[in-house]
Amino acid sequence: MALMFQQKALNFAKNGFYPTDSETTARILSALTPCTNSEMRILDPCAGEGVALAECKQHLGVNITQAFGIEYNEKRAWHAKAKLDRCIYADLQNCVISRRSFGLLFLNPPYGDLVADKAETGFVQNHRPRLEKLFYQLSVSALQLNGILVLIIPVYSLDKELSHWIAHNFDDVEVFAAPEQRFKQIVLFGKRTSSDNLHNPRLHNAGTSIKSVKDKLIQIGLGEIPAPELPSVWNFDTYKIPAAPQTEVKFFTSRLDARQLAVEIDNNPGLWDQFHQRFGSNIMPPRRPLMSLSEWHLALSLAAGQVSGIVTSTDGRIYIIKGDTYKDIQISKTYEENDDGDCIETTVHLDKFVPVLKALDMTPQSLTFGEVLTIAPGGINYVSIV
1 MALMFQQKAL NFAKNGFYPT DSETTARILS ALTPCTNSEM RILDPCAGEG VALAECKQHL
61 GVNITQAFGI EYNEKRAWHA KAKLDRCIYA DLQNCVISRR SFGLLFLNPP YGDLVADKAE
121 TGFVQNHRPR LEKLFYQLSV SALQLNGILV LIIPVYSLDK ELSHWIAHNF DDVEVFAAPE
181 QRFKQIVLFG KRTSSDNLHN PRLHNAGTSI KSVKDKLIQI GLGEIPAPEL PSVWNFDTYK
241 IPAAPQTEVK FFTSRLDARQ LAVEIDNNPG LWDQFHQRFG SNIMPPRRPL MSLSEWHLAL
301 SLAAGQVSGI VTSTDGRIYI IKGDTYKDIQ ISKTYEENDD GDCIETTVHL DKFVPVLKAL
361 DMTPQSLTFG EVLTIAPGGI NYVSIV
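This is the structure we're talking about:
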């Protein structure tokens, strides 16, 4: 269920798509360092062709970084699949992502206004509804505590509402103007803090309050104060990507297309490669019993599913049969007179498992051809399994 027209979900450029340019990406990477040599997870929910996130992985360490991406455009998504560890071709709104599982959220969302929420998805925005804010809402929960947000958006979309969200959920917030200004972009850095700080008046960013951070973001969004250009050489404390939690990450889409499904089956075949070995003609047929089955043996065979398939009778009739058992209760009563002359009635309930066979008559020229027959237990001896 998409809330935007596809053409509005693109940053318009020559080919209708505007990826993060190489100069901006290089300057962003100079601000990022790994916290430890442990495994890290990084996420780009608008991955494009996967170039920017692949460069992040290369910068942080190929052997210790797992790169996850989501892309709405099919052609770009399949390009990204070749560059990233895991990439989904899907609408972000149809994806399931584990909460607080990623150390870096690299978010360069589509730009533009949302259309009316006719689907009633519940994404309420009190101020101007924007795609940038929708994608922020959908993806920010995936960022773990102390994880790093890199948000690339047009400066005018940094309104009061988005500024409020960022100021209350991130520490060490810094905003810079991107070196490429064709779309008036800014690059915002922040470190994810606990949501317990939502109403906590503690100080952030070396003495500045949450309100001061929010007011500064609003002023930058309104153009009242300019954001400094993203430096080519990072001379500040770097933003450190934390180690990934020791839990399995959920990362999938609820709407899988046929092409992606085929790839998943190839990667996770299960027992399909053994299908003919287990169910084909190479299987040894069950051996015939040495003696006629008693009703007790027959009931066990039926309950175990061993009596089924194509059978022929001794006179050439052909059936497709399915065996089963049902429980029958036999009630018996006895009467006994006690020493006082009273009559005592004793009722005994006896459970009996009764075998039953249903047969589809497939005998050519038979009067009951195509009919479903019930074969009584006493008449089973004339049927032989082939």
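With the working numbering, the residue at position 218 of the sequence shown is 218, and numbering never jumps. From the three backbone atoms N, C-alpha and C, an ideal C-beta is built for every residue, glycine too.
Best match in the options for proximity to residue i [C-alpha to C-alpha]
{"i": "residue 161", "options": "130, 191, 148 and 142", "result": "130"}
{"i": "residue 191", "options": "331, 250 and 240", "result": "240"}
{"i": "residue 76", "options": "52, 61 and 96", "result": "52"}
{"i": "residue 82", "options": "74, 95, 94 and 49", "result": "49"}
{"i": "residue 171", "options": "181, 112 and 145", "result": "145"}
{"i": "residue 311", "options": "169, 333 and 288", "result": "288"}
{"i": "residue 173", "options": "74, 232, 214 and 367", "result": "214"}
{"i": "residue 431", "options": "291, 323 and 314", "result": "As shown, the chain starts at 1 and ends at 386. That puts residue 431 outside it, with no answer to give."}
{"i": "residue 374", "options": "242, 141, 179 and 360", "result": "360"}
{"i": "residue 62", "options": "337, 290 and 42", "result": "42"}
{"i": "residue 209", "options": "169, 189 and 248", "result": "169"}
{"i": "residue 249", "options": "31, 143 and 369", "result": "143"}
{"i": "residue 434", "options": "371, 367 and 100", "result": "Only positions 1 to 386 of the chain appear in the structure, and residue 434 is not among them; the question remains open."}
{"i": "residue 20", "options": "334, 179 and 74", "result": "179"}
{"i": "residue 164", "options": "194, 212 and 189", "result": "212"}
{"i": "residue 28", "options": "269, 365, 136 and 236", "result": "236"}
{"i": "residue 295", "options": "60, 352 and 114", "result": "352"}
{"i": "residue 60", "options": "36, 344 and 274", "result": "36"}
{"i": "residue 343", "options": "349, 350 and 333", "result": "333"}
DSSP beta-bridge partners of residue i
{"i": "residue 327", "result": "353"}
{"i": "residue 99", "result": "According to DSSP, which records beta bridges pairwise, residue 99 is partnered with nothing at all."}
{"i": "residue 40", "result": "65"}
{"i": "residue 346", "result": "334"}
{"i": "residue 187", "result": "152 and 176"}
{"i": "residue 32", "result": "239"}
{"i": "residue 252", "result": "96"}
{"i": "residue 170", "result": "192"}
{"i": "residue 229", "result": "177"}
{"i": "residue 372", "result": "360"}
{"i": "residue 130", "result": "113"}
{"i": "residue 322", "result": "308 and 358"}
{"i": "residue 367", "result": "DSSP output for residue 367 lists no bridge partner at all."}
{"i": "residue 107", "result": "151"}
{"i": "residue 222", "result": "DSSP, once it has assigned bridges, lists no residue as partnering residue 222."}
{"i": "residue 143", "result": "102"}
Beta-carbon proximity of residue i to residue j, cut-off 8 Å
{"i": "residue 26", "j": "residue 80", "result": "no"}
{"i": "residue 102", "j": "residue 147", "result": "yes"}
{"i": "residue 98", "j": "residue 64", "result": "no"}
{"i": "residue 66", "j": "residue 44", "result": "no"}
{"i": "residue 221", "j": "residue 158", "result": "yes"}
{"i": "residue 293", "j": "residue 321", "result": "no"}
{"i": "residue 347", "j": "residue 331", "result": "yes"}
{"i": "residue 307", "j": "residue 326", "result": "no"}
{"i": "residue 24", "j": "residue 238", "result": "no"}
{"i": "residue 255", "j": "residue 90", "result": "yes"}
{"i": "residue 167", "j": "residue 217", "result": "yes"}
{"i": "residue 243", "j": "residue 40", "result": "yes"}
{"i": "residue 139", "j": "residue 92", "result": "yes"}
{"i": "residue 156", "j": "residue 132", "result": "no"}
{"i": "residue 233", "j": "residue 22", "result": "no"}
{"i": "residue 95", "j": "residue 253", "result": "yes"}
{"i": "residue 319", "j": "residue 362", "result": "yes"}
Closer than 7 Å: residue i CB and nearest the ligand ATP heavy atom
{"i": "residue 294", "result": "Absent from the structure shown: the ligand ATP. Ligands present: none."}
Subject >> Inter-stretch contact (C-beta, 8 Å, three-pair minimum) for the stretch 213-228 and the stretch 66-74 >> reply: At 8 Å Cβ cutoff, the stretches do not touch.
Subject >> Meets three-Cβ-pair contact criterion under 8 Å: the stretch 185-193 and the stretch 142-153 >> reply: Taking one beta carbon from each stretch, the stretch 185-193 and the stretch 142-153 have 3 or more pairs nearer than 8 Å; the two touch.
Subject >> Whole runs of the beta strand (DSSP E) within the stretch 60-105, excluding any shorter than 3 residues >> reply: Scanning the stretch 60-105 from its first residue to its last, the whole beta strand (DSSP E) runs of 3-plus residues come out as 65-71, 86-89 and 95-97.
Original post:
Is the stretch 100-116 in contact with the stretch 52-64, if contact means three or more CB pairs nearer than 8 Å?
Top reply: Short answer: they touch.
Original post:
Counting only runs that start and end within the stretch 296-320, where is the beta strand (DSSP E) found for 3 or more residues in a row?
Top reply: The qualifying runs are 308-313.
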